[in-house]
Amino acid sequence: MTTLNTTVARDGHWWVAEFALNGKEYGTQACRLDQIEEMAKDAAALITGDPLDSFAVNVTVDTPVFAEDRG
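Going by our numbering, the first residue of the sequence shown is number 142, and it counts up by one from there.
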């Protein structure tokens with residue numbers, strides 16, 4: 142199983158995800174954060190030709206600095 146370490150950030154109305162696969166950077170997007178895992182698996186499957194269930198996804202949300210400062 143291949144693990145996709147995905148970094149996610151909000152961009153307007155979208156959640157944008159970036160991940161590395163086979164030494165290259167890729168990205169995908171979703172309307173809701175809970176859709177990122179499915180979208181990352183789908184993108185990886187399209188890139189490699191491997192089935193969806195051959196991927197696991199770790200999602201890390203990139204919190205903007207101003208949000209961290211609110212305490």
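For every residue, glycine included, the Cβ atom is placed at its ideal position computed from N, Cα and C.
- Based on the DSSP output, what are the partners of GLY168 in its beta bridges? GLY168 pairs with GLU159.
- Should VAL149 go down as buried or exposed, given a rule of 16 or more other Cβ atoms within 10 Å for buried? Buried, because 16 or more other Cβ atoms sit within 10 Å of the Cβ of VAL149.
- Identify which residue in PRO205, VAL200, ALA197, LEU145 has its Cα closest to the Cα of ASN163. When only C-alpha atoms are compared, the closest one is LEU145.
- Task: Just list the beta strand (DSSP E) runs in the stretch 179-203, keeping only unbroken ones of 3 residues or longer that don't cross its boundaries, in chain order.
- Result: The stretch 179-203 contains these whole beta strand (DSSP E) runs: 196-202.
- Query: What's the C-alpha gap between VAL157 and ASP194?
  - Reply: Cα to Cα, the separation comes out at about 22 Å.
- Message: Pop quiz: THR169 and ALA184 are said to be a contact at Cβ under 8 Å. What is the actual Cβ separation, rounded to whole angstroms?
- Response: Yes, THR169 and ALA184 are in contact; Cβ-Cβ is about 4 Å, under 8 Å.
- Within 7 Å, strictly: CB atoms of THR143 and VAL198: When the beta-carbon positions are compared, THR143 and VAL198 stay at least 7 Å from each other.
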